[in-house]
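Only one structure is covered here, and it is reproduced in the block below.
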Amino acid sequence: MTTEQDRTPAPADDGTAVQADAATPDGARPAWVTDELIARWCGWVARDATGGGPDEVAPLTAAAPFDLAPIAAVPGCATQDVTRAVDGARAARPAWARMPLRRRAEVVLAFHDLLLERQDQVLDLIQWETGKARYHAWQEVAQVATIARHYARRARHYLAPRQVRGMLPGLTKVKEVRVPKGVVGVISPWNYPLYLGAGDVLPALLAGNAVVSKADPQTPLTLLWTRTLMAEAGLPDEVWRIVTGPGDVVGTALVDSVDFVCFTGSTATGRTVAERAARRLVGASLELGGKNPLIVREDADLAAAAAGTVAAAFANTGQMCIHIERVHVHEKVYDAFRDELVRATRELRLGRSYDYAADIGSLTSAARLAAVQEHVDGAVAKGATVLAGGRARPDIGPLFYEPTVLEGVTDEMAVCGEETFGPVVSLYAYATDSEAVDAANRGNYGLSASIWSKDTRAADRMAARIRAGAVNINDGAAAAAGSIEAGMGGMGDSGLGRRHGPEGIRKYTESQTVAAQRLLPLGPKTGESAVANFVRRTNGQLALLRRLRVR
């Protein structure tokens, strides 16, 4: 662990620098996290203590982004551990599914209360494992609490049997019921370990499934802490199992054994997951990458649009699938908006404290820092201009990078079309709404978009032409993402399926039609005359139903 005196001096300020929080202490291990607690959490890893398998995995030890110190040695799982976890979950699932939905909801509501009561613990863990600012960690708590309460209260409505009209109304009684998929595999990434780790698990459990989750090697403690809380809330041990280890071993084994897969991550890995699941005819929900656009119309409130851009572009240090990377500004207000955005960006405070002093935290890994530097340096080498940021900040921490605004970005630059997944945003000018929409739709991603305008009808018309799973008007990203009753997901290379809303829980079920025929059979008796009479009689009934407008 470094001290203030040991840190690398700050780079010279050429006028583009972003502030450091002067009170930033070292991001050391939270004092309350003891070895005994970590060992208790690791008890939830579904690993055979005897080990010895052919693909046995060594303990996983991630580096804390704030200081690169080792976090903890977490047991790693092998293929046979995943198989046993899925088998155990499958055996436990029927009893859980038979439990009244009201009782399952009570467990989730108890978890909701415990989460809010002990949120400071998980905020520390999230910051320790990811390096994000505390406010961005708190957003995960708020989102998961909202999801828990929403589905606990609405699951009965979303999953209720649906009475539908039969072939012959009055004679055929038909209902559509929801049947749990079975064992759901949830593969979650490191950037939102609580929200993406638990937010997809809760509706799956409420729908009557068992779950086996793969924790990301960078952030296992957050998920293991969450599992501990769920146990305290009353969830049976085998109904939610957690496995750890590399994706090519543990992730592959999970996809090969569960009844449904929920994956969040890169587009490249999502394709592999989808292909592997498809070979088994197993469904998958995938939230993947994005290169999300924001449009500033001529009539927009420029100060509000700049503030919204900062919030949507630099939240979680840009390591967010729905964060803004491209900003398209009407040419008549381009200069004014650019100046407003640069000013707001330079006012952001970077820091690594376990409090709310910092606006922006650290990148999570050396690989992310290298990727961000490569995009920015490559763009500058080809003629782009850095208006704010554009540099690493080792004086604050080893993986800090300043929120960066670029202009003069062109097609041949990687930052133009590739997802940066870091605190970098590029500015472009446009002349007409159609030109802005065309620019927003460039590329194969279609996850999220934003439009800023005082003319909401015009913004609505633009939104209808943008190919994205969510379009925010006069907000960067939070309005759609936080609307739990509405689905959230992508188009094109940004994924399949939705989380949140009715589809966010129904995707974990199969639709089963139950039809009961009363009084008269739907088929004739054998014999030519009987068949002819049946057809004639049925034709008459269908004609009558049409005249009565019953069908």
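For the sequence shown, UniProt numbering assigns the number 1 to the initial residue and increments by one for each residue that follows. For every residue, glycine included, the Cβ atom is placed at its ideal position computed from N, Cα and C.
Sequence-distant residues of the same chain with beta carbon closer than 8 Å to residue i, five excluded per side
| i | result |
| --- | --- |
| Gln373 | Ala392 and Tyr401 |
| Ala530 | Pro524 |
| Arg118 | Leu229 |
| Ala145 | His112, Leu115 and Leu116 |
Cβ-based burial, residue i [other Cβ within 10 Å; buried from 16]
| i | result |
| --- | --- |
| Met1 | Any reading at Met1 needs caution, since the residue's pLDDT is 29, under 50, leaving its predicted position unreliable; the model's value is listed next. So Met1 ends up on the exposed side. |
| Val550 | exposed |
| Ala22 | In this prediction, Ala22 scores a pLDDT of 44, lower than 50, which makes its location untrustworthy; the coordinate-derived value is nonetheless stated afterwards. It counts as exposed. |
| Glu287 | buried |
| Glu4 | Residue placement at Glu4 is flagged as unreliable, the pLDDT there being 34, under the threshold of 50; a coordinate-derived value is accordingly withheld. |
| Pro220 | buried |
| Gly43 | exposed |
| Pro423 | buried |
| Asn292 | buried |
| Val514 | exposed |
| Tyr334 | buried |
| Lys332 | exposed |
| Gly489 | buried |
| Gln139 | buried |
Range covered by the beta strand (DSSP E) that runs through residue i
| i | result |
| --- | --- |
| Arg165 | Arg162 to Arg165 |
| Pro203 | Element bounds for Pro203: not the beta strand (DSSP E) but the alpha helix (DSSP H), Val201 to Leu206. |
| Trp452 | Ser448 to Trp452 |
| Tyr428 | Val424 to Tyr430 |
| Ile242 | Trp240 to Thr244 |
| Phe263 | Phe260 to Thr264 |
| Glu407 | Thr404 to Glu407 |
| Thr61 | Leu60 to Ala63 |
| Ala470 | Ala470 to Ile473 |
| Ser213 | Ala210 to Ala215 |
Cutoff 7 Å; reference residue i; Cβ partners in own chain excluding five residues on either side
| i | result |
| --- | --- |
| Phe111 | Ala148, Leu229, Met230 and Ala233 |
| Pro30 | Asp124, Trp128 and Tyr354 |
| Glu510 | Val179 and Lys181 |
| Gly408 | Gly383, Ala384 and Thr385 |
| Ala133 | Ala358, Asp359, Ile360 and Gly361 |
| Leu519 | Leu171 |
| Pro59 | Ala73, Val74, Pro75 and Gly76 |
| Gly504 | Pro203, Gly487 and Arg498 |
| residue 563 | Past the boundaries of the shown model lies residue 563; the chain is included only from 1 to 551, so the question cannot be answered. |
Cβ distance (whole Å) where residue i is taken to contact residue j below 8 Å
| i | j | result |
| --- | --- | --- |
| Ile360 | Pro398 | So it is not a contact: roughly 15 Å between Cβ atoms. |
| Ile126 | Pro217 | Not really, about 16 Å apart at Cβ, beyond 8 Å. |
| Ser453 | Ala468 | Rounded, the Cβ-Cβ distance is 16 Å, inconsistent with contact. |
| residue 586 | Thr364 | In the structure as shown, the chain begins at 1 and stops at 551. Residue 586 is therefore absent and cannot be evaluated. |
| Arg47 | Asp87 | 14 Å between Cβ atoms; not a contact. |
| Leu294 | Ala315 | At roughly 13 Å, the Cβ-Cβ gap does not stay under 8 Å, so Leu294 and Ala315 are not in contact. |
| Ala470 | Ile451 | Rounded, the Cβ-Cβ distance is 12 Å, inconsistent with contact. |
| Leu205 | Arg326 | The Cβ separation is near 37 Å, so there is no contact. |
| Asp475 | Gly308 | 6 Å |
| Val249 | Ala78 | 7 Å |
Continuous alpha helix (DSSP H) stretch holding residue i: start and end
| i | result |
| --- | --- |
| Cys416 | Ala414 to Gly417 |
| Ala157 | According to the sequence as given, residue 157 is His; it is not Ala. Here the alpha helix (DSSP H) through His157 covers Arg134 to Leu159. |
| Ile396 | Here Ile396 belongs to no alpha helix (DSSP H), and DSSP marks it neither H nor E. |
| Glu176 | No alpha helix (DSSP H) holds Glu176; the beta strand (DSSP E) holding it covers Thr172 to Pro180. |
| Thr130 | Gln119 to Thr130 |
| Gly88 | Thr79 to Arg98 |
| Ser434 | Asp433 to Ala440 |
| Thr222 | Pro220 to Ala233 |
| Val33 | Unbroken run through Val33: none, as it is neither H nor E. |
| Thr252 | Thr252 to Val255 |
| Gly197 | Tyr195 to Ala198 |
| Ala28 | Here Ala28 belongs to no alpha helix (DSSP H), and DSSP marks it neither H nor E. |
| Ala459 | Thr456 to Arg465 |
Contact set for residue i: own chain, Cβ-Cβ below 6 Å, skip 5 residues either direction
| i | result |
| --- | --- |
| Gly182 | Asp259 |
| Gly208 | Ala97 and Pro180 |
| Tyr428 | His328 |
| Arg90 | Val183 |
| Val107 | Ala233, Gly234 and Leu235 |
| Pro502 | Tyr158 |
| Ala512 | Reading the sequence as shown, one finds Gln at residue 512 and not Ala. The residues are Val177 and Val179. |
| Ala215 | Leu223, Ile242 and Thr244 |
| Arg546 | none |
| Gln143 | Tyr195 |
| Ile38 | Ala72 |
| Pro161 | Lys175 and Val177 |
| Gly197 | Ser188 and Leu223 |
| Met491 | Gly446, Arg467 and Gly469 |
query = In chain order, which alpha helix (DSSP H) runs of at least 4 residues are fully inside the region 478 to 545?
reply = 478 to 481 and 503 to 506
ask   = Of all the alpha helix (DSSP H) runs that stay within the bounds of the region 335 to 398, which reach a length of 4 or more residues?
value = 366 to 381
task = Counting only runs of 4+ residues fully inside the region 272 to 327, write out the alpha helix (DSSP H) ranges in chain order.
result = 302 to 314
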